[in-house]
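In this note's numbering, the protein residues as written are 151 to 425. For glycine and all other residues, C-beta sits at the position ideal for the given N, C-alpha and C. Everything numeric in this text was worked out from a predicted model, so none of it was measured. This report refers to the structure that appears directly beneath it.
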């Protein structure tokens, strides 16, 4: 009996501590209508770590040259983690062309149980190309701390434990910078909009002003233009051709009539010289 009381006392203390931590996290939740993004000039480098993916391969959080959606969860999470991943999937569907180049990375908050085989089975329930990362607990814990993720383990009867953690989605731009985050009760529409605007405000390494302007123009013209720039350009050209026929015909006529006049003038001058 005494042991059971001690166990429940420990659970209560962990719950109180976790509740306070999550309350502080909730106070930083993204309010509806607010902008979760930092300006392009204010984005710091995103912390990066060497971890292991669901296939047992070395992997990093930051994906060079790709916009990244980063979140934290674990495979035995009953509701919260699958809900977050489902929201991300809906957001990427809504984002359209931007989503095709976006990496999704989830770092485990339960590295003791989330081994590579567990992650491999879990990953099959989600879109191909998503990465689920684990690694030695100290190294994974450094990733939690770097991204201000609160993780608490609480014992339950039977010698097992439960994990409580703060939920957030971190946006990393294609230059490997921390662009912003969504926390609390965010929606797929908010994330889709944030991804779209993050891409629009982020230049690519080596891009000049012309390419940056061209990509922004394609983005403003819609998902088809962004995904198929060559086809979009051809369609625009075909639509513009009828409007170009009249001015082109006029110029051809002007130059065609100008040449004989020049020749006639030259012949007249020649005959005058002969006289």
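Where the alpha helix (DSSP H) through residue i begins and ends
| i | result |
| --- | --- |
| residue 240 | 230-245 |
| residue 266 | 266-273 |
| residue 343 | 338-351 |
| residue 290 | 287-296 |
Own chain, CB closer than 6 Å to residue i, minus 5 neighbours either side, in chain order
| i | result |
| --- | --- |
| residue 318 | 331, 333 |
| residue 240 | 338 |
| residue 174 | Because the pLDDT of residue 174 is 39, which lies under 50, any placement of that residue in the model is unreliable, and the question is left without a value. |
| residue 416 | Bear in mind that the predicted position of residue 416 carries a pLDDT of just 49, short of 50, making it unreliable; the figure below should be weighed with that in mind. Excluding residues within five positions, none has a Cβ falling inside 6 Å. |
| residue 351 | 190 |
| residue 293 | 199, 257 |
| residue 283 | 201, 203, 209, 257 |
| residue 152 | The predicted model places residue 152 with a pLDDT of 43, which falls under 50 and marks its position as unreliable, so this point remains unresolved. |
According to DSSP, residues forming a beta bridge with residue i
| i | result |
| --- | --- |
| residue 219 | 254, 321 |
| residue 330 | 187, 321 |
| residue 201 | 209 |
| residue 195 | 327 |
Residue range of the unbroken beta strand (DSSP E) whose run includes residue i
| i | result |
| --- | --- |
| residue 312 | 311-315 |
| residue 210 | 208-210 |
| residue 305 | 301-305 |
| residue 281 | 281-283 |
Close-in-space but distant-in-sequence residues of the same chain around residue i (CB under 8 Å, 5 per side omitted)
| i | result |
| --- | --- |
| residue 188 | 328, 329, 330 |
| residue 286 | 261 |
| residue 234 | 221, 223, 317, 319 |
| residue 397 | none |
| residue 371 | 382 |
| residue 252 | 216, 217, 218, 219, 242, 245, 345 |
| residue 210 | 198, 199, 200, 201 |
| residue 265 | 284 |
| residue 348 | 187, 217, 321, 323, 329, 330 |
Contacting residues, own chain, Cβ-Cβ under 7 Å from residue i (five flanking each side not counted)
| i | result |
| --- | --- |
| residue 280 | 254, 273 |
| residue 231 | 223, 224 |
| residue 212 | 196, 198, 218, 322, 326 |
Contact between the region 194-212 and the region 256-273 (3+ Cβ pairs under 8 Å): yes
With three or more C-beta pairs closer than 8 Å as the rule, is the region 309-317 touching the region 218-229? Contact between the region 218-229 and the region 309-317 is present, because at least three Cβ pairs lie under 8 Å.
Assess contact between the region 262-274 and the region 202-218, defined as three or more Cβ pairs (one per stretch) separated by less than 8 Å. Is contact present? yes
Touching by the beta-carbon criterion (3+ pairs, under 8 Å), the region 298-310 and the region 241-253: no
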